[in-house]
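Asks: The structure under discussion is supplied below as structure tokens; questions concerning it will follow.
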């Protein structure tokens, strides 16, 4: 990389394998218990607002932590070039939750 800004498109979606599975099960009229941690920043609030149809009682808000985020960079054909994941918050999950 030579410091240039490359032209592209950016899209943000709610995701995560477990969240997606819990979302789908909820839409099938099942009641999964989803356990996770989120930070307290606006990103977490935006995710929670997209989960209104789900039981979010198993989600713990961790002050001063970053909500897990994954950036996937695709080529022009839609193939994955690389993935950057900030998943440190998952280290704060505990069996007591």
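Residue numbers (the numbering used here): 247 to 343.
For glycine and all other residues, C-beta sits at the position ideal for the given N, C-alpha and C.
Being a predicted model, the structure only gives us computed values, none of them experimental.
#1: Identify the continuous alpha helix (DSSP H) that holds residue 282 and give its terminal residues.
#2: Which class does residue 252 belong to by DSSP, given the choice of helix, strand or coil?
#3: Measure the alpha-carbon distance for residue 264 versus residue 280 and round it to whole angstroms.
#4: Exposed or buried, residue 269, counting other C-beta atoms within 10 Å across all chains shown (16 or more means buried)?
#5: Straight-line CA distance for residue 326 to residue 317?
#6: If you draw a straight line from the alpha carbon of residue 341 to that of residue 304, how long is it in whole angstroms?
#7: With respect to the beta strand (DSSP E) encompassing residue 332, which residues constitute its N-terminal and C-terminal limits?
#8: Does any C-beta atom of chain C lie closer than 8 Å to the C-beta of residue 283?
Replies: To lay it out plainly:
#1: Taken as a continuous stretch (DSSP letters only), residue 282 belongs to no alpha helix (DSSP H), being part of the beta strand (DSSP E) at 282–284.
#2: coil
#3: 8 Å
#4: buried
#5: 11 Å
#6: 12 Å
#7: 326–332
#8: You won't find chain C in this structure, because it holds only one protein chain.
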